[in-house]
Amino acid sequence: MILSVQPFGLASPGGGARILRSLFEGAPVPILSVCTSPQAPNEMDTERERHLPVRPYFGRIEHTRLSYPISAVTLAYRPQFRQQLRSLCIEQDVKLIHAIPHGIDFWDAYLVSRDLGLPYILTVHDDLTYNLQDRVYLTQAMKRLATVWRKSDARMVISDAMGQAYNNRYGDRQYSVVTDGVHTIQPAPRSAHDGSFHLYFMGSVHMTYREPFQALVLALERLKASDSSLDVRLTVRGSIPFELTTGSVPVDVLGWGTQDDVEREIAEADALYLPLPFDSEFSTFVRFSLSTKMITYVASGVPILYHGPEQSAAADLLRRHDAGILSESLDPKDILSAVRSIPERRAHVVKGALELAESRFRIEEQRRRFWNVVLDCYPAKHAIAS
Numbered sequence: 256m257i258l259s260v261q262p263f264g265l266a267s268p269g270g271g272a273r274i275l276r277s278l279f280e281g282a283p284v285p286i287l288s289v290c291t292s293p294q295a296p297n298e299m300d301t302e303r304e305r306h307l308p309v310r311p312y313f314g315r316i317e318h319t320r321l322s323y324p325i326s327a328v329t330l331a332y333r334p335q336f337r338q339q340l341r342s343l344c345i346e347q348d349v350k351l352i353h354a355i356p357h358g359i360d361f362w363d364a365y366l367v368s369r370d371l372g373l374p375y376i377l378t379v380h381d382d383l384t385y386n387l388q389d390r391v392y393l394t395q396a397m398k399r400l401a402t403v404w405r406k407s408d409a410r411m412v413i414s415d416a417m418g419q420a421y422n423n424r425y426g427d428r429q430y431s432v433v434t435d436g437v438h439t440i441q442p443a444p445r446s447a448h449d450g451s452f453h454l455y456f457m458g459s460v461h462m463t464y465r466e467p468f469q470a471l472v473l474a475l476e477r478l479k480a481s482d483s484s485l486d487v488r489l490t491v492r493g494s495i496p497f498e499l500t501t502g503s504v505p506v507d508v509l510g511w512g513t514q515d516d517v518e519r520e521i522a523e524a525d526a527l528y529l530p531l532p533f534d535s536e537f538s539t540f541v542r543f544s545l546s547t548k549m550i551t552y553v554a555s556g557v558p559i560l561y562h563g564p565e566q567s568a569a570a571d572l573l574r575r576h577d578a579g580i581l582s583e584s585l586d587p588k589d590i591l592s593a594v595r596s597i598p599e600r601r602a603h604v605v606k607g608a609l610e611l612a613e614s615r616f617r618i619e620e621q622r623r624r625f626w627n628v629v630l631d632c633y634p635a636k637h638a639i640a641s
């Protein structure tokens, strides 16, 4: 049995949960996922998940200015959490612990693994300076991450840029790059739609995306003003936590949908929007992390409109493979210029994106990488032949 520890449930809408769902499917060894968030997941598969909160949940005040001091409560409950995690490991006859550092629970999982003599694997999706920016224990968590990076039995990261940066920061260690993958790749670029420019975004819109989204809408307004007959619209499949000032261009926020919804809507889109925050305080996030939506996008046959800083893991990858249209400015004039280049460059950048998806993001390859790392650490006498 493998215990995977992280502060989200497998059915959560975020990218981390999506990656785990993909990697755990058809697992050669039983896996029990432990969600450590204070609030219980909305959905949970009780056969393969447990909710083991790091501290009590305090309701609405968790989402107010009090969230920062409330985070200090986590530190007081950690001994109790570790004991509960240790007991669960013994009860489930766990042979290996896997953890994702989105909080400080990765350190507690590491301590339990050392106490019980179990292998420990670290998988990093996002830098803690982004995940824990509003938590009392950020500095402590960063110090613990340095220790765990050096002393884990194995390490996985979401991008090579992250692995290289962590080796520079914490010391050279071997790591594997594992991220999300796609089951199917569109065989050829999809046809353009005459008389329209429908831009599509799927996923969670963070508050940090307010500036890119507002600048984008202004650019789309200018596009519409230049040709009143053009059907211009922006569709958001997911959630958006702020109001957008709009005029002649409708912004449709559809809420969360099914995978079938997303696939149908992508096929109907003229371009797919991939924003990242421009604020310097999020520089480590954009430099190291790869959005799971980007992986869906590159396999879609629809052109990608990247809108974010020049220095980012996503921009570097798209630029290197000529797999997207890049707008690296908040100036609506520059964004409009990128949008207007899409018809001419469409076939070329979609071809590059599909080749990138084929070479890097097949789900079979991601699973192979993940399970090679895990089974290399899994005690031999307990391993299950694949």
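Per the working numbering, residue 256 is the first one in the sequence shown, and the count goes up by one each step. Don't be surprised by glycine CBs; every beta carbon is placed ideally from N, CA and C. Quick caveat, the model's predicted, so the values are computed rather than measured.
| Item | Value |
| --- | --- |
| Do L499 and F543 count as a contact pair if the criterion is CB distance below 8 Å? | no |
| Going straight from the alpha carbon of L573 to that of A420, what length do you get? | 20 Å |
| Rounded to the nearest angstrom, how far is the Cβ of C290 from that of E304, given a contact under 8 Å? | 6 Å |
| Going by other Cβ atoms of all chains shown within 10 Å of its Cβ, with 16 needed for buried, is G271 buried or exposed? | buried |
| If the criterion is Cβ atoms closer than 8 Å, does the pair A578 and V437 meet it? | no |
| Grab me the residues of R488's own chain with a C-beta within less than 7 Å of its C-beta, minus the 5 sequence neighbours each way, in chain order. | H453, V504, P505 and D507 |
| Would you decide whether S680 is buried or exposed? Buried here means 16 or more other CB atoms lie within 10 Å of its CB. | Residue coverage of the chain in this structure runs from 256 to 641, which leaves residue 680 outside it and unanswerable. |
| I'd like to confirm the pairing. Which residues does DSSP put opposite M457 in its beta bridges? | R492 |
| When the Cβ atoms of the region 390-410 are set against those of the region 626-635, are three or more pairs found closer than 8 Å? | yes |
| Would you call the region 455-469 and the region 421-431 in contact, with 3 or more CB pairs under 8 Å? | no |
| Within the continuous alpha helix (DSSP H) that includes A401, where are the two ends? | L393 to K406 |
| Could you name the residues that DSSP lists as bridge partners for F625? | In the DSSP output, where bridge partners are listed per residue, F625 has none listed. |
| Taking all protein chains shown into account, do 16 or more other C-beta atoms lie within 10 angstroms of the C-beta of G510, making it buried, or fewer, making it exposed? | exposed |
| Between which residues of its own chain and P374 is the CB-CB distance below 6 Å, once the five residues before and five after are set aside? | L351, D408 and C632 |
| Fully enclosed by the region 552-638, which alpha helix (DSSP H) runs are 4 residues long or longer? | 568-575, 587-595, 597-615 and 618-632 |
| Using the Cα positions of I286 and Y323, report the straight-line distance between them to the nearest angstrom. | 33 Å |
| Quick one, are the C-beta atoms of L585 and F533 less than 8 Å apart? | yes |
| Counting along the chain, where does the alpha helix (DSSP H) carrying L517 start and finish? | Reading off the sequence, residue 517 comes out as Val, not Leu. Q514 to E523 is the extent of the alpha helix (DSSP H) around V517. |
| If we call anything under 8 Å between Cβ atoms a contact, is E613 one with I345? | no |
| What distance in whole Å lies between the Cβ atoms of L609 and L560, which are believed to be in contact at a cut-off of 8 Å? | In fact, because the Cβ distance is near 16 Å, the residues do not count as touching under 8 Å. |
| How would you call T402, buried or exposed, if buried means at least 16 neighbouring beta carbons within 10 angstroms? | exposed |
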